[in-house]
Amino acid sequence: MRDIIRFENIYVNGGSSVVGKTEAKGPLARYFDLCEEDEYFGKDSWEKAESEMTRRTLEKLFAKAHISPEDLDLICGGDLLNQCVASSFGVKEFGVPFLGLYGACSTFAEAVICASMFIKGGGAGRVAVCASSHFCSAEKQYRFPLEYGGQRTPTAQNTVTGCGALLLSGEPSDIRVADAMTGRIVDAGITDANNMGAAMAKAAADTLTRYFESSGMKPSDFDIVATGDLGREGYEICTELLKDSLPGLTDKYTDCGMLIYDLEKQDVHCGGSGCGCSAVVTAAYFLDKLTKGDASNVLLLSTGALMNPNTVLQGQSICGIAHAVHFERGTK
Amino acid sequence: MDYLKAFLVGGAFCLIAQIFIDKTAVTGARILVSYVVAGVALTGIGAYKYVVDFGGAGATVPIVGFGYTLAEATKAAVDEKGLLGALTGGLSGTSAGIAAAVVFAFIWALIFKSRQK
Amino acid sequence: MSIPCIKKEANAKNLTGDVMNNENYKKYAADRAKRSASALNCTKAFAVGGLICCLGQALSNLFISLGAGEKDAGTLVSVSLIFLGGLLTGIGVFDKIGKFAGAGTLVPITGFANAIAAPAIENKTEGFINGVCTKMFVIAGPVIVFGTLASAVYGVIYYVLTQVAQ
């Protein structure tokens, strides 16, 4: 099995993030480019709202990087909606070649890996990656109508309303994509759709183990090792699974789903989830830390739960997947 | 006194359901289905009438009461029309509730828009 | 640098046996997620459910005092509560009460009204025929199906018993 993919000259030339009102009340609010109070984003349906959020995120990315859509060779992006519509409808007006990706909530890292490979292989010079999720469209598709009066279990998570984007190219900058590892599908046998953390934790542990085995690095080489959206439940499970085999991990390990909300004050159960979770935390918070030099090495593991409402009703287990991307500051 | 009884009986039905939800992670839809079927069965064996006599609205307002109405109406219809009543009774007896839910829901959908809280 | 949220001591439960084995892992995850019926949730459900039934009782007394028969009063109570439950759903209050009260709002007929009104409102964006009407029974449908089934079965049994008795 091919394991780690090393990149030489893939740089991060910018990032942008747009979030909703719940995220704007969270501890990372000041890092986001735009916090939208209107959950409809000025549109008339949740699906259109999510597409508009993606469109605005890319627009912001172009503005911050002083480029226009014509300067782009490719957009790699994805979301959680059926047939990946939020991303494809969101980017259509830019007229840029587009690859729609689906890796459940691991989509952001998947997009970064694909984009980096495209640049490495010479298939594209400058690529934008994005991933989005919207609380309302996700609830509508996967759970209950918003007005339905039900209680959720404590292990449940709150889908992040947010879209994060990065601009990648071969043009040198302070931050580069150093290496990456594609995750394997891990079926842990979990069938409870309200316990995604447990379903994905084993996949995260699998990729982390493989990554540190084949990269020759140790957790202490990183400033931050962050899983995408395990939430508190999955975070704790992952910590327990690895506490003997990866010593020192706990000192560096965090989870985007726990960073984005204040778990004590906000009613979000175990934390954030969704494609947008690791996307906005990376594009806003981690990128800020890397840019300012507060962190030099960040390992992002976007975690995804592979399922759909029908497979859950059929009692099929929810599989997990986790892709790793290593962002490194300024060695070139 | 009526109110106290209604409170206790109605509250007890909710309490039992809450224990099931908390302990077994059973979904709301399953609870409702079980309660309706239990209502029909308890009425069928003649037990639920006593609960209604004692609890008043506390026994008829919970969804178990929907089962009670279904069964009572079915019984009356069978007495009147024979076997055909097994089909006509239930829905006739509960028609007001179902029609109200449908008609009102349509009106609410006309007026209101979904929002995030 | 310090990263927020990092907990040095994760809420460690002792891992016994090979957790990487799926059977063990499932049990381990289920044990972690297992919880007992919380006294607070149960009290809230009991209180709110009881209060809704009291409201029903008050309405029933009111309709009877206005001259309705006992049976009609019962029907009117159901209709009124369905109206109220749907209205509270529409103005976005019901889900908040539901989150607080759990089974306390689910079990009374108000929960039935909510289960029909909520998908109707949410799916308005897909049009009235294919959105509102198609999705209206997506949650409450099973209640009507099973209620009708149970009453039909009961009707047949009751019919057979009365025939045998004669």
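Chains G, V and C, in that order, are what the protein sequence lines are.
Residue 223 in the numbering used here sits at position 219 of the first sequence, with consecutive numbering throughout.
Residue 133 in the numbering used here sits at position 113 of the second sequence, with consecutive numbering throughout.
Residue 1355 in the numbering used here sits at position 16 of the third sequence, with consecutive numbering throughout.
Ideal Cβ placement from N, Cα and C applies to all residues, glycine included.
These numbers were taken from a predicted model, which means no experiment stands behind them.
Secondary structure at residue i, three-state DSSP: helix, strand or coil?
i           : result
Asn-1350(C) : Only weak support exists for where Asn-1350(C) lies, its pLDDT of 49 falling under 50; the value from the coordinates is given anyway. Coil at Asn-1350(C), not helix or strand.
Tyr-70(V)   : helix
Asn-17(G)   : strand
Val-100(G)  : coil
Ile-1478(C) : coil
Arg-10(G)   : strand
Leu-310(G)  : strand
Pro-73(G)   : helix
Leu-197(G)  : The sequence as given places Ala at residue 197(G); Leu does not occur at that position. Looking at Ala-197(G) - three-state DSSP - the assignment turns out to be coil, as it is neither helix nor strand.
Glu-151(G)  : coil
Lys-336(G)  : The predicted position of Lys-336(G) is uncertain, since its pLDDT is 47 and thus under 50; no value can be drawn from it.
Leu-85(G)   : coil
Gly-30(G)   : coil
Leu-105(G)  : strand
Thr-163(G)  : strand
Ala-328(G)  : strand
Phe-1485(C) : helix
Asp-37(G)   : coil
Ser-218(G)  : helix
Val-1432(C) : coil
Asp-210(G)  : helix
Return the Cβ separation of residue i and residue j in integer angstroms, given the expectation that the two are a contact with Cβ distance under 8 Å.
i           : j           : result
Val-1416(C) : Ala-77(V)   : 6 Å
Gly-107(G)  : Ser-136(G)  : Gly-107(G) to Ser-136(G), Cβ: 13 Å. No contact.
Asp-178(G)  : Arg-333(G)  : 6 Å
Gln-318(G)  : Thr-26(G)   : Actually they are not in contact, since the Cβ atoms of Gln-318(G) and Thr-26(G) sit about 32 Å apart, beyond 8 Å.
Ala-1508(C) : Ile-1455(C) : No information on residue 1508(C) is available, as it lies outside the stretch 1340 to 1505 that chain C covers here.
Asp-183(G)  : Ser-219(G)  : 7 Å
Leu-250(G)  : Gly-201(G)  : Not a contact, Cβ separation roughly 19 Å.
Gly-104(G)  : Ala-288(G)  : Not really, about 23 Å apart at Cβ, beyond 8 Å.
Ala-192(G)  : Asn-1361(C) : 6 Å
Ile-189(G)  : Ile-325(G)  : 5 Å
Between which residues of its own chain and residue i is the CB-CB distance below 8 Å, once the five residues before and five after are set aside?
i           : result
Lys-25(V)   : Phe-74, Gly-75, Gly-76, Gly-78
Gly-31(V)   : Gly-78
Lys-101(V)  : Thr-108
Lys-1383(C) : Phe-1439, Ala-1440, Gly-1441, Gly-1443
Val-1495(C) : none
Thr-1428(C) : Asp-1434, Ala-1452, Asn-1453, Ala-1456, Ala-1457, Ile-1460
Cys-140(G)  : Glu-43, Trp-50, Ala-53, Leu-150, Thr-165
Leu-172(G)  : Ile-14, Tyr-15, Val-16, Asn-17, Val-116, Ala-119, Ser-120, Ile-123, Arg-130, Val-131, Ala-132, Val-133, Val-181
Spatial neighbours of residue i within its chain, please: CB distance less than 7 Å, with the 5 preceding and 5 following residues excluded, ordered by chain position.
i           : result
Val-1446(C) : Gly-1388
Phe-148(G)  : Gly-154
Ala-142(G)  : Leu-84, Thr-163, Gly-278
Asn-13(G)   : Gly-174
Phe-122(G)  : Leu-78, Ala-128, Val-131
In terms of residues, what are the limits of the beta strand (DSSP E) holding residue i?
i           : result
Cys-167(G)  : 166–173
Met-185(G)  : 179–185
Tyr-257(G)  : 257–259
Tyr-131(G)  : Residue identity check: residue 131(G) is Val in the sequence provided, not Tyr. 130–137 is the extent of the beta strand (DSSP E) around Val-131(G).
Ala-1454(C) : Segment 1448–1461 is the alpha helix (DSSP H) holding Ala-1454(C); no beta strand (DSSP E) there.
Cys-80(G)   : 78–82
Val-229(G)  : 228–231
If I follow the unbroken alpha helix (DSSP H) through residue i, where does it start and stop?
i           : result
Leu-338(G)  : Lying before the first or after the last residue shown, residue 338(G) is absent from chain G, which here runs from 5 to 336.
Glu-268(G)  : Element bounds for Glu-268(G): n/a, residue is neither H nor E.
Val-89(G)   : 89–95
Arg-1371(C) : 1361–1372
Leu-52(V)   : 48–64
Ile-118(V)  : 115–131
Leu-24(V)   : 22–44
Leu-1394(C) : 1378–1404
Just to confirm my understanding: we take residue i, look at its own chain, exclude 5 residues before and 5 after, and list those with CB closer than 6 Å. What are they?
i          : result
Phe-87(V)  : Note on residue identity: the sequence assigns Gly, not Phe, to residue 87(V). Contacts found: Val-56, Gly-59, Val-60.
Cys-39(G)  : Val-23, Ala-28
Lys-293(G) : Ala-299
Val-272(G) : Asn-162, Tyr-265
Chain C contacts made by the region 177–194 of chain G, where a contact means CB separation under 7 Å: Ala-192, Gly-193, Ile-194
For the region 145–174 of chain G, which residues have a CB atom closer than 9 Å to at least one CB atom of chain C, in sequence order? Phe-148, Pro-149, Leu-150, Glu-151, Tyr-152, Gly-153, Gly-154, Gln-155, Arg-156, Thr-157, Pro-158, Thr-159
Return the residues of the region 205–234 of chain G that lie within a Cβ-Cβ distance of less than 7 Å from chain C, sorted by chain order. Lys-206, Asp-227, Ile-228
Members of the region 47–60 of chain V that neighbour chain G once the beta carbon cut-off is set at 8 Å: Gly-48
Using a Cβ-Cβ cut-off of less than 9 Å, give me the residues of the region 30–46 of chain V that come near chain C, in sequence order. Gly-30, Gly-31, Ala-32, Phe-33, Cys-34, Leu-35, Ile-36, Ala-37, Gln-38, Ile-39, Phe-40, Ile-41, Asp-42, Lys-43, Ala-45
For the region 110–144 of chain G, list every residue whose C-beta sits within 7 Å of some C-beta in chain V, in sequence order. Phe-139, Cys-140
Using a Cβ-Cβ cutoff of 8 Å, what residues of the region 1426–1437 of chain C are near chain V? List them in chain order. Leu-1426, Thr-1428, Gly-1429, Ile-1430, Gly-1431, Asp-1434, Lys-1435
Mind checking the region 1476–1490 of chain C against chain G and listing, in chain order, the residues whose C-beta falls within less than 8 Å of any C-beta there? Ile-1478
Relative to chain G, which residues along the region 99–119 of chain V have a C-beta separation below 8 Å, given in chain order? none
Listed in chain order, which residues of the region 42–67 of chain G have Cβ atoms closer than 8 Å to some Cβ of chain V? Glu-43, Trp-50
When Cβ atoms are compared, which residues of the region 236–257 of chain G fall closer than 8 Å to chain C? Glu-237, Tyr-239, Glu-240, Ile-241, Thr-243, Glu-244, Leu-245, Lys-247, Thr-254, Asp-255, Lys-256, Tyr-257
Which residues, in order along the region 1396–1410 of chain C, keep a beta-carbon less than 9 Å from a beta-carbon of chain V? Gln-1396, Ala-1397, Leu-1398, Ser-1399, Asn-1400
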